[in-house]
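One structure is given here, and the rest of the page talks about it.
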Amino acid sequence: MTQRVIRALIVFSVIAAFSLPIYAWDETGHKITAYIAWQRMTPEVREKVVKILLTAPEDSDISTFYLPYGSRNVESRKREYFMLMATWADIIRDKAFPVRVKNYDHGDWHYNNAFWKFEKGGVVMLDNMPKTGLAMDKLADFSALIRSSAPDPEKAVAIAWLEHLIGDMHQPLHASGKVSPSTPEGDRGGNAFLLTPKGTPRDQQENLHWFWDSIIARNIPNNDKCDADYIDPIAQEIMRLFPAEKFKGRLLPGDFEAWKKESVTFATTEVYRGVEFFQTPSDKYKKKALEIAQERMALAGYRMGDIFNEVFGTKQSVSESTIPCKMIRKVMYPITKTSSVKQTLEIALLDLCPTQVASRPMYSFMIDGNMVMKEYDVLRTFKTEAEARKYAADNKITDVSF
Ligand SMILES: [Zn+2]
1004 MTQRVIRALI
1014 VFSVIAAFSL
1024 PIYAWDETGH
1034 KITAYIAWQR
1044 MTPEVREKVV
1054 KILLTAPEDS
1064 DISTFYLPYG
1074 SRNVESRKRE
1084 YFMLMATWAD
1094 IIRDKAFPVR
1104 VKNYDHGDWH
1114 YNNAFWKFEK
1124 GGVVMLDNMP
1134 KTGLAMDKLA
1144 DFSALIRSSA
1154 PDPEKAVAIA
1164 WLEHLIGDMH
1174 QPLHASGKVS
1184 PSTPEGDRGG
1194 NAFLLTPKGT
1204 PRDQQENLHW
1214 FWDSIIARNI
1224 PNNDKCDADY
1234 IDPIAQEIMR
1244 LFPAEKFKGR
1254 LLPGDFEAWK
1264 KESVTFATTE
1274 VYRGVEFFQT
1284 PSDKYKKKAL
1294 EIAQERMALA
1304 GYRMGDIFNE
1314 VFGTKQSVSE
1324 STIPCKMIRK
1334 VMYPITKTSS
1344 VKQTLEIALL
1354 DLCPTQVASR
1364 PMYSFMIDGN
1374 MVMKEYDVLR
1384 TFKTEAEARK
1394 YAADNKITDV
1404 SF
């Protein structure tokens, strides 16, 4: 056996021996998301992404996980490798590999909590709490890095993190810190919200964060099946229930802030409704939670695939002249360079040919089936879709999608 194969076997046996702590969608959730992304990626992009992953620094073990042999065909092995790499950010938490932990593990990169509380039956956002978790910063950093001229080994690490963080930020409890008298600094994404009876020993406690992280695996137990027999059919069923067409206009390509906002909305409207401290969630709650989780995983997968297609695909040359100067889209508003919880998702009239361009972030828009990076200004916002459509009709704006 080559040294590489021996190392791979050691890595795999260690993973099998330790049940890794759960910090986000668990392994099942992340692999499902990556499976869906893979289906969306073009064959060319799949090749390119795997090729870059294999250039990763040796101490990251990213390349070690690819097994260049086996009975399965090459395409399946590459897909499974890509799926496994969506869990790499959790794999590297394993303390049995202290150097890897030191070089790569970052517990606070997996979430970014917006703080809020229930008050008089409503939800109050708390904007002045200290920042918790760097997931949003890292999404922006890695998304810029894979577009830059950085060397491939750096891009490999960035791809693995992106695969993971895109999934994490679609888990509503990775974006939420619920404040209450018993948790004045937030409940750490539901980790402090116990679902087991009062007095349950610590090692047997279950909490709301765990409930959401492990939702698929608890509803559909694995029973020792391999990924191809377990993950793939689940992911296919999720794609059937939530096809990409269903999200038309809601994919909001590359708009990490908007994706997080959706998670925050779920956290404040659904996740804490109908569930009580120290009580097992009802069947009704479980059903609704599963549905939301599946939708979030589907969205995360499509969005992940789109990012890799956009960055690593052969750029379709969209003639500048075919890009309209004015179009109507949903964007986070007001536009800011940095993230702000005060932004809201608004239907807006955009100017893609602004004459006075302030320092705007670049944003990718789907125009005529092509992803185009553009700077833009917001000329005005609309209160309703109907108002926007009427404005479009009156002003001959043809590119309208929400
Ligand atoms: Zn995570």
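Numbering (the numbering used here), first residue to last: 1004 to 1405. Beta carbons: idealized from backbone N, C-alpha and C, even for Gly. The structure presented is a predicted model; accordingly, all values stated were derived computationally and were not measured.
Here Phe1118 really is in contact with Gly1180; their C-beta atoms are around 4 Å apart, less than 8 Å. In this structure, the beta-carbon distance from Ala1138 to Trp1112 falls below 8 Å. Look at Ala1178: its beta carbon is at least 7 Å from all of the heavy atoms in ligand 1. For Met1307, the CB contacts under 6 Å within the same chain, skipping 5 residues up- and downstream, are Ala1040, Ile1169 in chain order. Taking 7 Å as the cut-off, the C-beta of Ala1092 counts as close to a heavy atom of ligand 1.
In this structure Ser1152 is exposed. Its beta-carbon is surrounded by fewer than 16 other beta-carbon atoms within 10 angstroms.
Within 7 Å of the C-beta of Asp1354 there is not a single heavy atom belonging to ligand 1. Taking 7 Å as the cut-off, the C-beta of Asp1397 does not count as close to any heavy atom of ligand 1.
The beta carbon of Arg1299 is closer than 6 Å to those of His1173 in its chain, skipping five residues each way along the sequence.
Where Lys1120 is concerned, the enclosing beta strand (DSSP E) starts and stops at 1117 to 1122. Annotated three-state conformation of Arg1150 is helix, per DSSP. Looking from the CA of Thr1283, the closest CA among Pro1246, Asp1130, Glu1313, Leu1198 belongs to Leu1198. Between Arg1096 and Asp1062 the beta-carbon gap is near 15 Å, outside 8 Å, which marks them as no contact. Pairwise C-beta distances place the region 1327 to 1340 in contact with the region 1241 to 1259, as three or more of them are shorter than 8 Å. In the structure shown, the three-state DSSP call for Asp1354 is strand. At least 8 Å separates the beta-carbon of Ala1195 from that of Trp1091. Beta-bridge analysis with DSSP links Asp1155 to no other residue. Under DSSP, Met1330 forms a beta bridge with Leu1353. CA-to-CA, the gap between Pro1327 and Phe1405 works out to about 16 Å. Given a length threshold of 3 residues, each whole run of the beta strand (DSSP E) inside the region 1061 to 1146 is given here in chain order: 1117 to 1122, 1125 to 1128. Sequence-distant partners of Asn1222 (beyond 5 residues in either direction) whose C-beta falls short of 6 Å from its own C-beta, in its chain, are Leu1293. Distances taken from the Cβ of His1113 to the heavy atoms of ligand 1 include one shorter than 7 Å.
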